[in-house]
Amino acid sequence: MRPDKSFQDLILVLQQYWASLGCVLLQPYDMEVGAGTFHPATALRALGPRPWNAAYVQPSRRPADGRYGENPNRLQHYYQYQVILKPSPPDIQDLYLNSLYAIGIDPKNHDIRFVEDDWESPTLGAWGLGWEVWCDGMEVSQFTYFQQVGGFDCDPVSGELTYGLERLAMYCQGADNVFDLNFNGGEGAKRVTYADVFLQAEQEYSRYNFEYADTDRLLTHFRDAEAECRALLKAGNRGEGKRHECVLPAYDQCIKASHIFNLLDA
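Position 258, counted from 1, in the sequence shown is what our numbering calls 258; the numbers after and before it change by one each time, with no gaps.
Structure follows, in structure tokens:
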């Protein structure tokens, strides 16, 4: 595999690396989310005492970041690679640096810096102590120790690693424009670029996000999702000390409301 030649090989190498360390390899969550953290495998599994190690790719949508496919490194739809390690191992930083080595970035030959940047998500009622990871002056990852999710303390503390896949791929391939990335590693007529796969969608969703989205209808959908979430939380409550019966369906409604809010904001 050649992560310096192919976007999909970059993903495959990360999958192989974290699987070799015992992570469960999951699939993306099948809803519109703003970041990999929203996947229940991170947002909900970070709570409670049970150990949990998982890794997955998550398509992420941030409607306000769309630029009609005209910006070389800003997208309204992009990919994150997410790793959650619970409890956080003492050598998590070394594990991360070794993952960079696996994709062809030798920390000994590059300026890798951990820049303090504590993280919070009001939507998730979550926050953590964190760092941006810079490689030769460009942010490529986020590293966070979860302290709270949903307003509840995380015990034990989970370590979260989030890789910006497009940025890493641009770095590995030496590309100045995300749409020029080699997606499949092919050459000549067999070459498939990031533009071949995603440019049309980036253009059309930018039009939708900024021009065609019906804000009145979206506001109705937002209120419906909020009401459904509250109703499910009430219906699934079986009393103190008993397991709630509708956490996941209620959380889905929360995710829906969050994405609709981001569309309205755009």
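Every residue gets a Cβ at the ideal spot worked out from N, C-alpha and C, and that includes glycine.
Provide the residue span of the beta strand (DSSP E) that contains residue i, from first to last.
| i | result |
| --- | --- |
| A266 | Segment: none, A266 is in no beta strand (DSSP E) and carries neither H nor E. |
| A19 | No beta strand (DSSP E) holds A19; the alpha helix (DSSP H) holding it covers F7 to S20. |
| S60 | W52 to R61 |
| A126 | A126 to C135 |
| T162 | G159 to G164 |
| E245 | No beta strand (DSSP E) holds E245; DSSP gives it neither H nor E. |
| E120 | W119 to S121 |
Inspect the beta-carbon positions of residue i and residue j and report whether they are closer than 9 Å.
| i | j | result |
| --- | --- | --- |
| L85 | C23 | yes |
| Q76 | G36 | no |
| Q8 | G188 | no |
| Q142 | V133 | yes |
| G66 | S258 | no |
| G159 | Q147 | no |
| F183 | S6 | yes |
| R207 | Y68 | yes |
| L233 | L44 | no |
| L12 | A169 | no |
| D106 | D136 | no |
| L263 | L218 | yes |
For the alpha helix (DSSP H) containing residue i, list its first residue and its last residue.
| i | result |
| --- | --- |
| H221 | T215 to G236 |
| I92 | I92 to A102 |
| T42 | P40 to A43 |
Quick test of your reading: residue i and residue j, contact by CB under 8 Å. State the CB separation rounded to the nearest angstrom.
| i | j | result |
| --- | --- | --- |
| Y145 | S99 | Y145 to S99, Cβ: 18 Å. No contact. |
| R167 | V140 | 5 Å |
| L26 | Q15 | With 8 Å as the limit, L26 and Q15 do not qualify as a contact, their Cβ atoms being about 10 Å apart. |
| F210 | I260 | About 15 Å separates the two Cβ atoms, so there is no contact after all. |
| E245 | R238 | 6 Å |
| Y29 | V57 | At roughly 10 Å, the Cβ-Cβ gap does not stay under 8 Å, so Y29 and V57 are not in contact. |
| M31 | D252 | 6 Å |
| P3 | G104 | 6 Å |
| A266 | P63 | 4 Å |
| P49 | P156 | 7 Å |
| Y17 | A102 | 5 Å |
DSSP three-state label for residue i, please.
| i | result |
| --- | --- |
| V192 | coil |
| M170 | helix |
| Q200 | helix |
| N148 | Checking the sequence, you will find Gln at residue 148 rather than Asn. Here Q148 sits in strand by DSSP. |
| R113 | strand |
| Q253 | helix |
| D65 | helix |
| L85 | strand |
| S206 | helix |
| H77 | strand |
| D106 | coil |
| D153 | strand |
| F179 | helix |
| E32 | coil |
| E139 | strand |
*Using 8 Å as the Cβ pair cut-off and three pairs as the minimum, do the stretch 38-58 and the stretch 167-177 touch?*
no
*Are three or more beta carbon pairs between the stretch 48-55 and the stretch 107-125 nearer than 8 Å?*
no
_Counting beta carbon pairs with one atom in the stretch 190-208 and one in the stretch 112-120, are three or more of them shorter than 8 Å?_
no
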